[in-house]
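Heads up, the sequence shown is in our numbering, so the first residue is 1 and it goes up one at a time.
Written out below as structure tokens is the structure these notes cover.
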Amino acid sequence: LLCAAKLEGLLETVWAGVEKANEHEAAAAATEAPLEVGVEVRVHGLASAAAKHMNGGLGRLHALDESSGRWHVKLHSGGTKAFKAANLECVAAGEAEAEAEAPEEEEEGQGSLFG
Numbered sequence: 001l002l003c004a005a006k007l008e009g010l011l012e013t014v015w016a017g018v019e020k021a022n023e024h025e026a027a028a029a030a031t032e033a034p035l036e037v038g039v040e041v042r043v044h045g046l047a048s049a050a051a052k053h054m055n056g057g058l059g060r061l062h063a064l065d066e067s068s069g070r071w072h073v074k075l076h077s078g079g080t081k082a083f084k085a086a087n088l089e090c091v092a093a094g095e096a097e098a099e100a101e102a103p104e105e106e107e108e109g110q111g112s113l114f115g
């Protein structure tokens, strides 16, 4: 009888944790803007040596290629690239404009020839 009471208490604790996690997920999903044409995005999560330099890059969604599931993004740095939705996060238009106007910091070891 004592074991059943402990088990019931444990199940209630676990269930409360699951409900709290579900509420957190729902709140996060509600604050994320959906990906749609015209939305400002930031690129993230690219791991390949050839692509990871694009992490942090900003752009605007141009079109969804339904056959590949990739979004075509007009990058503020120039050009258009296709990315998976998992590698894009929505940003506020004002945030994207502010970052685009901010002067870029030179990477260590990439300074000018005269400085």
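Just so it is clear, CB atoms sit at the ideal spot from N, CA and C, and this is done for glycine as well.
Between the options, which has its C-alpha nearest residue i's C-alpha?
i     : options                : result
ASN55 : ALA86, LEU64 and GLY9  : ALA86
ALA92 : LEU7, VAL18 and ARG42  : ARG42
THR80 : GLY17, LEU64 and CYS90 : LEU64
LYS74 : GLY59, ALA4 and GLY38  : GLY59
GLU89 : ALA50, GLY57 and LEU10 : GLY57
GLU40 : GLY17, TRP71 and ALA16 : TRP71
Given that a residue counts as buried once 16 or more other Cβ atoms are within 10 Å of its Cβ, and exposed if not, what is residue i?
i     : result
GLY78 : exposed
LEU61 : buried
My output table needs one value for residue i: the three-state DSSP class, helix, strand or coil.
i     : result
LEU35 : coil
GLU40 : strand
LEU46 : coil
ALA86 : helix
GLY9  : helix
If we ignore side chains and look at the alpha-carbon of each, how far apart do residue i and residue j end up?
i     : j     : result
ALA82 : LYS6  : 54 Å
THR13 : GLU36 : 40 Å
GLY45 : LYS52 : 8 Å
PRO34 : ALA50 : 28 Å
ALA4  : LEU11 : 10 Å
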